[in-house]
Amino acid sequence: PRTARLHLHQQPCPHSRIGGDLALEPKVPAAHRKTVGDQVSVIGLSGFGKDGPVARLFLAVWPPAAVLERLTALPRPDQPGVRWVPPENLHLTLRFLGDADPDAVDAHLAGAHLPAAEVTLGPVVSRLGRNVVVVPAAGLDELAHAVREATASIGRPPDPRPFAGHLTLARLKHRAACGVAGTPFHATFSVTGVALVESLPTGHGVGYTTLGRYVVGRVPGTP
Ligand code: 2AM
Numbered sequence: 152p153r154t155a156r157l158h159l160h161q162q163p164c165p166h167s168r169i170g171g172d173l174a175l176e177p178k179v180p181a182a183h184r185k186t187v188g189d190q191v192s193v194i195g196l197s198g199f200g201k202d203g204p205v206a207r208l209f210l211a212v213w214p215p216a217a218v219l220e221r222l223t224a225l226p227r228p229d230q231p232g233v234r235w236v237p238p239e240n241l242h243l244t245l246r247f248l249g250d251a252d253p254d255a256v257d258a259h260l261a262g263a264h265l266p267a268a269e270v271t272l273g274p275v276v277s278r279l280g281r282n283v284v285v286v287p288a289a290g291l292d293e294l295a296h297a298v299r300e301a302t303a304s305i306g307r308p309p310d311p312r313p314f315a316g317h318l319t320l321a322r323l324k325h326r327a328a329c330g331v332a333g334t335p336f337h338a339t340f341s342v343t344g345v346a347l348v349e350s351l352p353t354g355h356g357v358g359y360t361t362l363g364r365y366v367v368g369r370v371p372g373t374p
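In this note's numbering, the protein residues as written are 152 to 374.
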């Protein structure tokens, strides 16, 4: 029932870090707010599913600032039919959940063992299928598998295809040309956490908000 779920949304969530802007609070209906401690984040809930409120969610790794800087230095030619992912949206998807209850995801991930991961991006900007321009990412298979196992019962059924680690740079309409494929790129980084991210439409695309973060590499049974 609606009230029960709203009550749950106001409980502190010990394992995830929720950030937000208190100034938004008065404008946002209670059902679209998540409060942890004195922090409020806005959840643009898509609606109420049979088990409670849902939002469009995915689990991802955000690249560290130094890597992001290098990714955004790659050429971004303004060509017809090419939609570049804005720098603040660049991420590595571990699992797309679709419409799901963030609290349910939190409950499943908070106690899960998520293995540490060392990511290698590259060696060149590539196409994934016909319409997506990516930087391939190695080193995330075990983490993606653990995330998928921990959240298998939530959201849409896990993609049965093998995980193909990548960071999407651009999406192409009608197989538009994109001169960037083939550009060398190499970077490595250690994953520090898995992010639970909400996707919300904006006037000109989508905006992503991190609702929770889950530490990787923690030995089970330790705090
Ligand atoms: P990708 O760009 O890494 O492939 C958020 O929507 C992210 O979830 C997208 O950037 C996309 O990651 C991934 N995703 C996977 N399946 C999706 C789907 N069916 N609809 C939307 N996003 C999906």
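In this text, a Cβ means the ideal position worked out from N, Cα and C, and glycines have one as well.
Cβ atoms of residue j and residue i: under 8 Å apart, would you say?
i	j	result
residue 272	residue 288	yes
residue 298	residue 345	yes
residue 320	residue 286	yes
residue 225	residue 214	no
residue 269	residue 339	yes
residue 210	residue 343	no
residue 335	residue 274	yes
Using only CA atoms, which one of the options lies nearest to residue i?
i	options	result
residue 284	211, 307, 263 and 328	328
residue 267	341, 360, 335 and 237	341
residue 357	220, 234, 216 and 228	234
residue 242	258, 325 and 291	291
residue 315	261, 277 and 334	277
Any heavy atom of the ligand 2AM closer than 7 Å to the beta-carbon of residue i?
i	result
residue 350	yes
residue 319	yes
residue 336	no
residue 360	no
residue 244	yes
List the residues that DSSP assigns as beta-bridge partners of residue i.
i	result
residue 349	208 and 360
residue 271	289 and 339
residue 277	285
residue 265	DSSP output for residue 265 lists no bridge partner at all.
residue 326	Per DSSP, none; premise fails for residue 326.
Taking one C-beta from the region 352-361 and one from the region 311-323 each time, how about it: are there three or more such pairs within less than 8 Å? With contact defined as three or more Cβ pairs closer than 8 Å, the region 352-361 and the region 311-323 are not in contact.
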